[in-house]
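Participant:
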Amino acid sequence: AMAWRAAPRAAARLLLGRRGIASCIDPSVGLTEDQKEFQKVALDFAAKEMAPYMAEWDEKEIFPVETMRKAARLGFGGIYVKPDVGGSGLSRLDTSIIFEALSTGCTSTTAYISIHNMCVWMIDTFGNEEQRRRFCPSLCSMEKFASYCLTEPGSGSDAASLLTSAQRKGDTYVLNGSKAFISGGGDTDVYVVMCRTGGPGPKGISCLVLEKGMPGLSFGKKEKKVGWNSQPTRAVIFEDCIVPVGNRLGAEGQGFSIAMQGLNGGRINIASCSLGAAHACVLLAQEHLTVRKQFGEPLANNQYLQFRLAEMATRLVAARLMVRNAARALQDSREDAAVLCSMAKLFATDECFGICNQALQMHGGYGYLKDYAVQQFVRDIRVHQILEGTNEVMRMIVARNLLQG
Amino acid sequence: QAIDDDCNQTGQLLAAMLDWPQGTFVSRVELGAGSVRVEREVDGGLETLRLQLPAVLTADLRLNEPRYATLPNIMKAKKKPLEVIPASELGVSGGSPRLKVLQVQEPPARAGGQKVEDVATLVEKLRHAGRI
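Residue numbers (full-length UniProt numbering), protein chains in the order written: chain Z, 1 to 405; chain L, 1 to 132.
1) Assuming Z/V323 contacts Z/I242 (C-beta within less than 8 Å), just tell me the rounded distance between them.
2) When burial is assigned at 16 or more other CB atoms within 10 Å of the CB, is Z/E152 buried or exposed?
3) How many Å lie between L/P54 and Z/Q231 at the Cα?
4) Report yes or no: is there a C-beta of chain L within less than 9 Å of the C-beta of Z/V41?
5) In the DSSP assignment, find the beta strand (DSSP E) that holds Z/F181 and state where it starts and stops.
6) Taking a Cβ distance cut-off of 9 Å, strictly less, list which residues of the segment 71-101 of chain Z are near chain L, in chain order.
7) Tell me which same chain residues have a C-beta within less than 6 Å of the C-beta of Z/E61, skipping the five on either side of it?
8) Restricting to Cα atoms, I'd like to know which of Z/I123, Z/G78 and Z/V383 is closest to Z/F181.
9) Spell out whether any CB of chain Z is found under 9 Å from the CB atom of L/T58.
10) Give a yes or no on whether the minimum CB-CB distance between Z/D124 and chain L is below 9 Å.
11) Threshold first: 3 residues or longer. Then list the beta strand (DSSP E) segments lying entirely within the UniProt domain "Acyl-CoA oxidase/dehydrogenase middle" (148-241) of chain Z, N to C.
12) Please work out which residues of its chain come closer than 8 Å, Cβ to Cβ, to Z/D350, disregarding the five sequence neighbours upstream and downstream, and give them in chain order.
13) Taking Z/R324 as part of the alpha helix (DSSP H), name the residues at either end of that continuous run.
14) Under 8 Å: do the segment 312-320 of chain Z and the segment 274-286 of chain Z share three or more Cβ pairs, one atom per stretch?
15) State the DSSP-derived secondary structure class of L/R50, mapped to helix, strand or coil.
16) Quick one: what does DSSP say Z/A251 is sitting in, helix, strand or coil?
17) Would L/Q105 be called buried (16 or more neighbouring beta carbons within 10 Å of its own) or exposed?
18) According to DSSP, simplified to helix, strand and coil, what is L/F25?
19) Rounded to whole angstroms, what's the CA-CA distance from Z/T164 to Z/Y173? Just pull it up for me.
20) In chain Z, what lies closer than 7 Å to L/M17 by C-beta?
21) The alpha helix (DSSP H) with Z/A93 in it runs from where to where?
22) Hey, would you say Z/C341 sits closer than 9 Å to Z/A359, going by beta carbons?
23) Residues of chain Z with CB closer than 8 Å to the CB of L/I3, please, in chain order.
24) Please list, in chain order, all residues of the same chain as Z/M214 whose beta carbon is under 8 Å from its beta carbon, the five residues on each side excluded.
25) Counting only beta-carbon atoms, is Z/E143 nearer than 9 Å to chain L?
26) Is there contact between the segment 364-378 of chain Z and the segment 53-71 of chain Z, where contact requires at least three CB pairs shorter than 8 Å?
27) What's the C-alpha gap between Z/V236 and Z/E211?
28) Using a Cβ-Cβ cut-off of less than 7 Å, give me the residues of the segment 35-61 of chain Z that come near chain L, in sequence order.
29) What three-state label does DSSP hand Z/A146 in the structure shown?
30) Out of Z/I205, Z/H288 and Z/L330, point me to the one whose CA is closest to Z/S161's CA.
31) Report back the beta-carbon spacing between Z/I115 and Z/L102 to the nearest angstrom; my notes put them in contact at under 8 Å.
32) Could you say if the segment 67-76 of chain L and the segment 30-43 of chain Z meet the contact criterion of at least three C-beta pairs nearer than 8 Å?
33) I'd like the span of the beta strand (DSSP E) that includes L/S35, first residue to last.
34) Would DSSP call Z/T125 helix, strand or coil?
35) Let's test the definition: count the other Cβ atoms within 10 Å of the Cβ of Z/V282 and tell me whether it reaches 16, buried, or not, exposed.
36) What residue range is occupied by the uninterrupted beta strand (DSSP E) comprising Z/T390?
Put into structure tokens, the structure is as follows:
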């Protein structure tokens with residue numbers, strides 16, 4: 001029984017396409033042997049544990065805790081967190097490759113996993129030994145989940161104008177204020193909160209780690225969203241919420257810097273999630289063009305559609321190169337890392353949305369049905385152009401680099 | 001199916017040398033007291049056998065799902081020591097291969113068929129070709 005030949009692994013199919021030939025959009029090109037292994041595990045996991053459920057998670061708004069814990073058992077809970085507290089100790093490029101691969105299975109869930117990773121990294125990097133040991137191990141295993149709390153109803157792009165106050169009282173801070181649009185809010189256990197301990201502007205902001213159950217910490221209603229439905233989004237409310245001083249990461253006034261450094265990696269991660277969605281959509285479009293016939297022939301015989309598919313593939317590869325280039329700069333601590341991360345996030349999220357949207361168009365009426373995955377990728381990555389710094393803010397950062405240098 | 005020559009012999013040979021029962025292409029295993037019940041993937045479907053233990057089993061891909069490699073294990077894999085033990089150190093004689101490849105050739109190119117007038121001619125031609 002030659003059964004082994006009859007069942008190509010889902011991962012191989014994703015990499016090699018329909019005819020088993022390495023294609024121009026192969027995401028394993030240029031990777032080390034180890035990176036190819038990470039990518040294979042992530043693609044297999046995405047195909048088996050996520051893709052079959054992504055529609056259900058979206059429709060029923062399920063936060064797939066058990067699936068994420070399965071991912072954490074493979075090391076995906078703290079990918080670039082140090083191993084001594086349970087992380088996998090991998091590089092930013094390794095991380096990008098992994099999130100890109102996972103995203104082909106469910107973009108929304110992968111995006112949450114990346115936010116969780118960002119929070120654990122912040123505690124790992126800026127926490128003292130006691131904080132690292134207290135928080136990181138259970139976060140890396142995803143026994144506990146984390147949320148990143150920066151945005152407020154009155155401060156989104158103008159993040160440094162945040163108002164949540166943290167008044168020092170003895171060996172505690174008393175927090176008052178609220179955060180908006182918090183991914184995981186209400187369901188997660190650990191909250192990394194940027195709040196004002198000092199004067200106005202970025203230098204008055206500190207970073208505190210809060211835990212669900214602390215008195216004075218409550219949550220708003222679960223938001224109804226266009227996409228990202230496998231993660232709950234809620235306001236986080238502080239009413240005389242008491243937090244021990246021992247929960248502050250780094251020094252008073254260091255919070256904004258910590259938040260921004262977290263976001264550099266976060267931007268690469270979100271961009272990587274967009275790459276995975278776009279790759280999946282190019283394959284879906286390729287399949288559809290080959291199968292669907294109109295006017296007596298497959299859609300793929302039409303030069304217009306051939307050209308559009310070629311453009312999609314070209315833009316995907318360009319976006320991927322931008323993201324991986326930024327990841328390398330960040331892991332090498334290059335001076336231009338932050339601006340490259342902004343450029344990559346801007347370019348990749350915009351291009352990939354265009355790719356997914358074009359793929360939907362190619363599906364015709366079927367593209368608009370929830371039975372077909374392409375619409376979910378479109379809905380899920382639309383928000384990537386908005387959060388972790390809007391693409392307008394990304395332009396601000398790049399312009400500042402060019403004009404104030 | 002050995003990964004070098006794909007000959008589908010290793011498990012069978014081992015069982016014969018040990019004089020143990022064999023269950024090959026196994027897709028399901030149920031251990032009992034002193035025996036094992038196996039389901040085999042065969043061309044016609046599934047065959048169920050009970051074998052006395054000890055027995056030799058060979059696994060079909062449907063027997064189980066491979067685990068995912070974890071990220072830390074992937075990184076450790078490169079650093080694992082690879083110990084090479086010559087067969088002579090294990091007291092195994094005749095370790096050199098006993099199979100010699102005499103020839104490798106493509107199957108004959110497909111020749112055109114023939115149309116015949118009636119059944120009698122068809123039977124006669126098949127007989128002539130040694131097919132019946």
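Beta carbons: idealized from backbone N, C-alpha and C, even for Gly.
Facilitator: Taking the structure as given:
1) The C-beta separation of Z/V323 from Z/I242 comes to about 41 Å, leaving the pair out of contact by the 8 Å criterion.
2) By the beta-carbon neighbour count (other beta carbons within 10 angstroms, threshold 16), Z/E152 is buried.
3) So the alpha carbons of these two residues sit roughly 52 Å apart.
4) Any Cβ of chain L closer than 9 Å to the Cβ of Z/V41 would place that residue at the interface, and such an atom is present.
5) First-last of the beta strand (DSSP E) with Z/F181: T172 to S183.
6) Listed in sequence order: R73, L74, G75, F76, I79, P83, S88, G89, L90, D94 and I98.
7) Its chain contains N229 as the residues whose beta carbon lies nearer than 6 Å to that of Z/E61, once the 5 sequence neighbours on both sides are disregarded; these appear in chain order.
8) It is Z/V383.
9) For L/T58, not one C-beta of chain Z is nearer than 9 Å to its own C-beta.
10) No, no contact with chain L.
11) List check, beta strand (DSSP E) in window: 165-169, 172-183, 190-196, 205-211 and 217-219.
12) For Z/D350, where only same-chain residues beyond five positions count, the Cβ hits under 8 Å are Q385 and N391.
13) From DSSP, the alpha helix (DSSP H) with Z/R324 extends over Q303 to Q331.
14) Three or more beta-carbon pairs drawn from the segment 312-320 of chain Z and the segment 274-286 of chain Z are found closer than 8 Å, and the two stretches are therefore classed as touching.
15) DSSP places L/R50 within a strand segment (E or B) once states are collapsed to three.
16) In the structure shown, Z/A251 sits in coil (DSSP, three-state: anything other than H, G, I, E or B).
17) Exposed is the call here.
18) In the displayed model, L/F25 falls within a strand according to three-state DSSP.
19) For Z/T164 and Z/Y173, the distance between alpha carbons rounds to 12 Å.
20) Simply none; closest approach about 24 Å.
21) In the sequence as presented, Ala is not what sits at residue 93 of chain Z; that position holds Leu. In this chain, the alpha helix (DSSP H) harbouring Z/L93 covers R92 to S103.
22) No, they are not a contact pair.
23) Within 8 Å Cβ-Cβ: nothing; L/I3 doesn't reach chain Z, min ~11 Å.
24) Closer than 8 Å at the Cβ level, and outside the excluded window around Z/M214, lie C241, I242 and V243.
25) No, no contact with chain L.
26) They touch, by the three-pair rule.
27) It is roughly 12 Å from the alpha-carbon of Z/V236 to the alpha-carbon of Z/E211.
28) Those residues of the segment 35-61 of chain Z that come within reach of chain L (Cβ to Cβ, closer than 7 Å) are E37, F38, V41, D44 and F45.
29) Z/A146: strand per DSSP, three-state reduction.
30) Minimum Cα distance to Z/S161 is reached at Z/I205.
31) The Cβ separation is near 13 Å, so there is no contact.
32) A contact is defined here as three or more CB-CB pairs under 8 Å, and the segment 67-76 of chain L meets this definition with respect to the segment 30-43 of chain Z.
33) Its beta strand (DSSP E) spans residues S35 to V42.
34) In the structure shown, Z/T125 sits in a helix (DSSP, three-state: H, G or I).
35) Flag for Z/V282 reads buried.
36) Counting along the chain, Z/T390 falls outside any beta strand (DSSP E), and DSSP gives it neither H nor E.
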